[in-house]
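Chemist: Have a look at this one.
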Amino acid sequence: MRYTEHNKKFTEKEIMVTWFFMTGMTMKQIAEWTNIPEKSVSYFKRKVMRKVGVDNDNEFIMWFLENRQTYRNDNEELSIMQSSQQVNSNLSN
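Under numbering that gives the first Met the number 0, think of the first position of the sequence shown as 0, with each following residue one higher.
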């Protein structure tokens with residue numbers, strides 16, 4: 000485990016994939032939910048893992064739990080959560 004600084008910038012898709020992954024969704028479920036190809040979902044997850052300096056899913060989860068508050072008020076996360084709520088409501092209709 001080699002965590003890096005907390006000032007890394009994440010793209011909207013990286014944040015979305017990370018968020019859904021942390022809720023327990025599989026790559027396939029995230030792909031279906033977001034309409035992003037499954038290979039792209041895996042790519043975005045690996046990209047975030049490289050940015051934060053973790054080597055496996057367990058380290059990634061630990062990093063997320065330890066650093067969630069740092070990113071919680073991030074405008075990007077807020078906009079993504081709002082977008083995902085819109086997607087959820089569209090899928091329900």
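For glycine and all other residues, C-beta sits at the position ideal for the given N, C-alpha and C. Bear in mind the structure is a predicted one, so any value in this text is a computation, not a measurement.
Mark Glu65 as exposed unless 16 or more other C-beta atoms lie within 10 angstroms of its C-beta, in which case mark it buried.
Modeler: Start at 1 with the first residue of the sequence shown, and residue 65 comes out as number 66. With fewer than 16 Cβ atoms within 10 Å of its Cβ, Glu65 is classed as exposed.
Chemist: When burial is assigned at 16 or more other CB atoms within 10 Å of the CB, is Glu11 buried or exposed?
Modeler: On the sequence shown, position 12 is the one that residue 11 refers to. Glu11 is exposed by the Cβ-count criterion.
Chemist: Is the Cβ-Cβ distance between Met61 and Thr33 less than 8 angstroms?
Modeler: Within the sequence shown, numbered from 1, the residue matching residue 61 stands at position 62. Within the sequence shown, numbered from 1, the residue matching residue 33 stands at position 34. Taking 8 angstroms as the Cβ cut-off, Met61 and Thr33 do not qualify as a contacting pair.
Chemist: Rounding to the nearest angstrom, what Cα-Cα distance links Gly23 and Arg49 in this structure?
Modeler: In the sequence shown, residue 23 corresponds to position 24, counting from 1. In the sequence shown, residue 49 corresponds to position 50, counting from 1. Each residue's Cα considered, the two are about 20 angstroms apart.
Chemist: Here's the rule I'm using: 16 or more other beta-carbon atoms within 10 Å means buried, otherwise exposed. How should Thr69 be labelled?
Modeler: Mapped onto the sequence shown, residue 69 falls at position 70. Label assigned to Thr69: exposed.
Chemist: How would you label Gln84, buried or exposed, when you count the other beta carbons within 10 angstroms and need 16 or more for buried?
Modeler: Reading the sequence shown from its first residue, position 85 is the one you call residue 84. With a pLDDT of 49 at Gln84, under the threshold of 50, the predicted position of this residue should be treated as unreliable, though the coordinate-derived value follows. That one is exposed.
Chemist: In the structure shown, what three-state DSSP assignment does Asn66 receive?
Modeler: Within the sequence shown, the letter at position 67 stands for residue 66. Looking at Asn66 - three-state DSSP - the assignment turns out to be helix.
Chemist: From Ile35 to Phe63, what does the alpha carbon distance come to, in whole angstroms?
Modeler: Taking the sequence shown and counting its residues from 1, the one referred to as residue 35 is at position 36. Taking the sequence shown and counting its residues from 1, the one referred to as residue 63 is at position 64. For Ile35 and Phe63, the distance between alpha carbons rounds to 22 angstroms.
Chemist: Beta carbon of Val40, beta carbon of Met26: below 8 angstroms?
Modeler: Residue mapping note: residue 40 aligns to position 41 of the sequence shown, counting from 1. Residue mapping note: residue 26 aligns to position 27 of the sequence shown, counting from 1. A contact, by the Cβ cut-off of 8 angstroms.
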